[in-house]
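Enquirer: Handing you a structure now.
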Amino acid sequence: MSYKVSLSPPLRAGTSPPQPCHKVCDVAFSPRLKGQTLLSRAGCAVLCGAHPPGDGVPALTAHLWPDGAGNHSGMERLLRKCRITNQLVRECMAECLGVYVLILFGCGSVAQVTTTEDKKGQYLSINLGFALGVTFGIFVSRGVSGAHLNPAVSLSLCALGRHPWMKLPFYVFSQVLGAFLAAATVGLQYYDAIQSYGRGELTTTGPTATAGIFATYPADYLSVWGGVVDQMIGTAALLLCVLALGDRGNSSVPDGLQPVLVGATVLVIGISMGSNSGYALNPARDFGPRLFTYIAGWGADVFKAGGGWWWVPIVAPCVGALLGTLIYELMIEVHHPLSPSELQPSCQEPTEGKTGLELEALE
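For the sequence shown, the UniProt record's numbering gives the first residue as 1, with consecutive numbering after it.
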């Protein structure tokens, strides 16, 4: 950052005091960070030798640091240096942290209920843990990435043309990473409780199984294809409700209320569709924690249990999300009356003979 300021020379005897400065100080700044401001008008007046109206003259040293940088603490200056400007990286970090919050509260509630043998929580506690985890995960990340928090949601938005396909693999990786890290946090926090409940063994099945704290597994009566149908229906219901909440032509839900209602959607799905296989509804929510249990000592059984169940919470939610999206679009959103701006005929010029660059400019 560079700047140059011309100060008036000292007053000689018999000369009149300097008049207020009405010209802009010659200050050259490098590109500003978000939230920074240029010198105030009062600061410019001080540097030019005039007194700002109604104020005393502050110390000149206060203006030696542009943008008030001298008033920032060391931590604030360090955080400014850590600022990332790349939009995709920021979005991926937001998705990672949002899913982390979701799984931290969701799997944390499962760990508490399981290791205390239902003495400090019941099945409803788990539903509330995941519902509130989704709510606060959305609040954490929605302003940066839109808070997908689910590869199936990202896939559906890409299919609708509301999200670039190029970003899909980056979002999915970030979501799985956030789920993995949250599962590791829960495993660390409940390590002693898990060891005590499992009598020193990390098992996937049986009366003291603890792998279900992190990933989903089917009930004993559920077939693999029954699980596929279960996950497709649950995720289709999730996307149908999420799209309805975001559809301005169908409802006028306040922005601040939408995350709460999405959490309520997860809650009602858990209450009504959770007994078959734990309502994963989210490939990242299931695969990230399952990968953690594989690495942390539960072993290959986490991929063999339930007749090779592990792929169902990955594939079926994606299919169900696309199905729910298609149902909502065909039955509700596509039939909304056109807005006045859409009804107006657009001004179109003949494109014959124009170059590619000219056609792009028209678009």
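Cβ atoms here follow ideal geometry from the backbone N, Cα and C, with glycine treated the same way.
#1: Whole-angstrom Cβ separation of alanine 296 and glycine 187, contact assumed at under 8 Å?
#2: Taking contact to mean 3 or more Cβ pairs, one atom from each stretch, closer than 8 Å, check whether the region 190 to 210 and the region 288 to 302 are in contact.
#3: Mind the definition here: the region 83 to 94 touches the region 138 to 156 only if three or more C-beta pairs lie below 8 Å; say whether that holds.
#4: Where do the N-terminal and C-terminal ends of the alpha helix (DSSP H) with asparagine 127 fall, by residue?
#5: If contacts are defined as beta-carbon pairs under 8 Å, then isoleucine 213 and valine 110 qualify, I think. What distance do you get, rounded to the angstrom?
#6: Suppose contacts are defined by Cβ-Cβ distances below 8 Å. Is valine 134 in contact with leucine 149 by that definition?
#7: Whose C-alpha, out of Ala152, Ala184, Ser125, is nearest the C-alpha of proline 169?
#8: Which class does threonine 204 belong to by DSSP, given the choice of helix, strand or coil?
#9: Roughly how many angstroms separate the alpha carbons of cysteine 96 and valine 334, rounded to a whole number?
#10: Between the alpha carbons of aspartate 255 and glutamine 189, how many angstroms are there, rounded?
#11: Going by the beta-carbon positions, is the gap between isoleucine 314 and proline 289 smaller than 8 Å?
#12: Return the chain-ordered list of same chain residues with a C-beta closer than 8 Å to the C-beta of methionine 273, the five sequence neighbours on each side being excluded.
#13: Going by DSSP in three states, glutamine 344 sits in which element: helix, strand or coil?
#14: Near valine 253, what residues of its chain come up, given a Cβ to Cβ distance below 7 Å and the 5 sequence neighbours on each side ignored?
#15: Going by alpha carbons, who is nearest to leucine 338 out of Val268, Arg248, Pro317, Asp286?
#16: Using the C-alpha atoms, what's the distance from isoleucine 126 back to glutamine 344?
#17: Can you tell me whether histidine 163 is buried or exposed, with buried defined as 16 or more other CB within 10 angstroms of its CB?
#18: For alanine 219, count neighbouring C-beta atoms within 10 Å of its own C-beta (all shown protein chains included) and say buried if the count is 16 or more, exposed if not.
#19: Are glycine 129 and glycine 106 close, meaning C-beta to C-beta below 8 Å?
#20: Spatial neighbours of valine 224 within its chain, please: CB distance less than 8 Å, with the 5 preceding and 5 following residues excluded, ordered by chain position.
#21: Taking Cβ to Cβ, would you say leucine 291 is nearer than 8 Å to phenylalanine 136?
#22: Evaluate aspartate 286 with the Cβ neighbour count: other Cβ atoms within 10 Å of its Cβ, from every protein chain shown; 16 or more gives buried, anything less gives exposed.
#23: Leucine 104 by DSSP, collapsed to three states: which one?
#24: Looking at lysine 167 and leucine 88, is the spacing between their C-beta atoms short of 8 Å?
#25: I need the boundaries of the alpha helix (DSSP H) containing residue 378, first residue and last residue.
#26: Just tell me which of Pro259, Ala211, Leu240, Ile194 has its CA closest to the CA of phenylalanine 139.
#27: Buried or exposed: where does tyrosine 328 fall if 16 or more other Cβ atoms within 10 Å of its Cβ makes it buried?
#28: Cutting at 8 Å between CB atoms, please list the residues of its own chain near arginine 199, excluding the five before and the five after it.
#29: Between the beta-carbon of tyrosine 197 and the beta-carbon of threonine 210, is there less than 8 Å?
#30: Would you tell me roughly how many angstroms separate the C-alpha atoms of tyrosine 294 and alanine 183, rounded to the nearest one?
#31: Just to check my reading of the structure: leucine 155 and alanine 321 have Cβ atoms closer than 8 Å, yes? What is that Cβ distance to the nearest angstrom?
#32: What are the boundary residues of the alpha helix (DSSP H) that includes tyrosine 221?
#33: What does a CB cutoff of less than 6 Å around valine 172 pick up in its chain, not counting 5 residues either side in sequence?
#34: Roughly how many angstroms separate the alpha carbons of leucine 124 and isoleucine 271, rounded to a whole number?
#35: Anyone know if the C-beta pair for valine 99 and glutamine 175 falls short of 8 Å?
Expert: From the atom records:
#1: 6 Å
#2: yes
#3: yes
#4: 123 to 145
#5: 5 Å
#6: yes
#7: Ala152
#8: coil
#9: 32 Å
#10: 34 Å
#11: no
#12: Asp230, Ile233, Gly234, Ala237, Tyr279
#13: coil
#14: Leu245, Leu261
#15: Arg248
#16: 51 Å
#17: buried
#18: exposed
#19: yes
#20: Pro218, Gly306, Gly307, Gly308, Trp309, Val312
#21: no
#22: buried
#23: helix
#24: yes
#25: Outside the displayed range of the chain (1 to 363) lies residue 378, so it cannot be described from this structure.
#26: Pro259
#27: buried
#28: Thr208
#29: yes
#30: 12 Å
#31: 6 Å
#32: No alpha helix (DSSP H) holds tyrosine 221; DSSP gives it neither H nor E.
#33: Pro151
#34: 7 Å
#35: yes
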